[in-house]
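Number of protein chains: 2
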Amino acid sequence: MSDRVVPPDARRRRRPTKQGVVLSEELIVETALRLVSEHGADALTVRRLGLALGADPSSLYRYFRNADDLLLAVADALIGRALRDWAPSGDWCADLRELGRRLHAGALAHPQATVLSACRVTGRAHEIRAVETALGLLRGAGFPDAEAVRIYHAFIDQALGFAALDAANAALPQAAHDAEEEAWRTTYGGLSERTHPNIAATVPLLAATMRGSAYPTALNMLLAAAEARLAVHTRQG
Amino acid sequence: MSDRVVPPDARRRRRPTKQGVVLSEELIVETALRLVSEHGADALTVRRLGLALGADPSSLYRYFRNADDLLLAVADALIGRALRDWAPSGDWCADLRELGRRLHAGALAHPQATVLSACRVTGRAHEIRAVETALGLLRGAGFPDAEAVRIYHAFIDQALGFAALDAANAALPQAAHDAEEEAWRTTYGGLSERTHPNIAATVPLLAATMRGSAYPTALNMLLAAAEARLAVHTRQG
DNA sequence: CTTCACAGGTCAATGCCGTTGTCATAAGCT
DNA sequence: AGCTTATGACAACGGCATTGACCTGTGAAG
Chain A
1299 MSDRVVPPDA RRRRRPTKQG VVLSEELIVE TALRLVSEHG ADALTVRRLG LALGADPSSL
1359 YRYFRNADDL LLAVADALIG RALRDWAPSG DWCADLRELG RRLHAGALAH PQATVLSACR
1419 VTGRAHEIRA VETALGLLRG AGFPDAEAVR IYHAFIDQAL GFAALDAANA ALPQAAHDAE
1479 EEAWRTTYGG LSERTHPNIA ATVPLLAATM RGSAYPTALN MLLAAAEARL AVHTRQG
Chain B
1299 MSDRVVPPDA RRRRRPTKQG VVLSEELIVE TALRLVSEHG ADALTVRRLG LALGADPSSL
1359 YRYFRNADDL LLAVADALIG RALRDWAPSG DWCADLRELG RRLHAGALAH PQATVLSACR
1419 VTGRAHEIRA VETALGLLRG AGFPDAEAVR IYHAFIDQAL GFAALDAANA ALPQAAHDAE
1479 EEAWRTTYGG LSERTHPNIA ATVPLLAATM RGSAYPTALN MLLAAAEARL AVHTRQG
């Protein structure tokens, strides 16, 4: 049944469903995003998506090979939204910082969807554009190909990793958040200065810092290290 | 039915299953770990676990509230294994590198459990010990408290983020992996040098590099940046 | 304007999954 | 020996992804 899916440009017959909805790849992906952001990651099932669209669940298999394929399409749509209207400034370091910031922020805007998809190679249009852009910035800055690729890999996976982590945190129910806050105050705050001197000395700082995302710090450190490496290359070159 | 679970110390009757197995929390967790490492992430279902144990699946609900509870227990066992036998060497940078390596490797050894649990703050013993240790390394190295906390946060979330990302990747079914490999070869390999010059110039490097984890690179860059910062502080101090 | 191939929506069925209400029984106490 | 109850087993429920067969209206060709 893998030949059920017809490539988008070969689609012609826009036949409405029983409930009068005209399906399309975009409509399905958008509805999936809405479903996830409104009712949580668990709400994204083929059946529920069919219901939300006003179509039989099995209809979706005309557009996507399987549920995983659909998920990849959702992930790519997220990347697309994050990079919309981006333009390079000429400063590779600032550009990478902005790119990272956008990817991370875009992912956080749809935490549940990110949790489901942050780690996948989609091979779709938006992802390809992101790869090309970031690689171009690094090679343009003067990194040798091998190092440009290595730094690109660290850069993109760090952005996705933090996105997944922070998204998972943002997606937690309120009760879990309160419990976390409480854990910092009581469990960590109650530790003895003798047994846990370092925690005891920094508890207020810890509680304040751990609440937010460490991604900006990590991104800045990665870029600082990259700049230092580049200085070595240009001195040698 | 949440009162089905009896706390471990209240258990007395060691009644064997039909197939002669005597269940216990530890045996269940260990069997779950074995199941995952032997037959892949998808093999960890309540039904399959019951089968592997020689017990009815519903018996497991005498020991765990639900499948998620079971997974958390598995994850907790993982943290314990990852930090077992660790001892500081005196070189803060090398120690942090080793700590990061262990956390990451431990998580990768059991991807499925990591994916579902990397983002939770447990507040348990092992986690507390890890916090105290890493903070101690940074403060001992000479970082001011505020910066030690910031760098610690970046360090630990980087480890967890990459662990989640790489674990999710490792947890993919074989078919998805093949598809990914294929995507790099055909989709990215087939891009024109004119439209995507940077990808075209580095495709072999990309395909080779993206297969592995970027965590070692990212960790080294973070530590390099930290060392550079420390040099500034000690010069000033 | 009619014809008709087939894209695409629908139906029904399959075999997984987690979970639970109920029952049977043996372990460990007195 | 008898009682309590922890704990294993059974059967059932509803939800899940997926698929094969069927049906219908679209839209191009003649």
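Protein chains in written order, with my numbering: chain A, 1299 to 1535; chain B, 1299 to 1535.
By construction, the Cβ of each residue, glycine as well, lies at the ideal position given by its N, Cα and C atoms.
Note that the stretch 1442-1452 of chain B touches the stretch 1509-1524 of chain A; at least 3 beta-carbon pairs, one per stretch, sit closer than 8 Å. Apart from the 5 residues on each side of it in sequence, residue 1433(A) sits with its Cβ closer than 7 Å to the Cβ of 1446 and 1450 in its chain, given in chain order.
The Cβ of residue 1443(A) sits closer than 8 Å to at least one Cβ of chain B. Contact annotation: the stretch 1489-1499 of chain A does not touch the stretch 1416-1435 of chain A, with fewer than three C-beta pairs closer than 8 Å. Buried is the label assigned to residue 1496(B), since at least 16 other Cβ atoms lie within 10 Å of its Cβ. In the displayed model, residue 1343(A) falls within coil according to three-state DSSP, outside both helix and strand.
Nearest to residue 1444(B) by C-alpha distance, out of 1501(A), 1392(A), 1316(A) and 1466(A), is 1501(A).
The Cβ neighbour count for residue 1467(B), taken over all protein chains shown within 10 Å, is at least 16; the residue is labelled buried. Contact note: residue 1430(B) reaches chain A through 1494, 1496 and 1497, using a C-beta cutoff of 7 Å and chain order. Neighbourhood of residue 1478(B) in chain A, by CB distance below 7 Å: 1419, in chain order. Straight through space, the alpha carbons of residue 1360(A) and residue 1523(A) are spaced by roughly 48 Å. The three-state secondary structure of residue 1317(A), taken from DSSP, is coil. Pairing residue 1333(B) with residue 1342(B) gives a Cβ-Cβ distance under 8 Å. Of all alpha-carbon atoms in 1507(A), 1372(A), 1348(A) and 1425(A), the one lying nearest the alpha-carbon of residue 1485(B) is that of 1425(A).
Around the C-beta of residue 1400(A), 16 or more other C-beta atoms lie within 10 Å, and the residue is accordingly described as buried. Interface flag for residue 1451(A) against chain B is set, since a Cβ pair is found closer than 8 Å. Contact between residue 1456(B) and residue 1517(B) holds: CB atoms are separated by about 7 Å, below the 8 Å threshold. Interface residue (Cβ-Cβ distance to chain A less than 8 Å): residue 1534(B) is not classified as such. In summary, no residue of the stretch 1328-1349 of chain A has a CB separated from any CB of chain B by less than 7 Å. Residue state for residue 1384(B) is assigned as coil, using DSSP reduced to three classes.
In this structure, residue 1353(B) sits near residue 1321(B), with a CB-CB distance shorter than 8 Å.
Inclusion of residue 1330(A) and residue 1410(A) in the CB contact set at 8 Å is not warranted, their separation being larger than that value.
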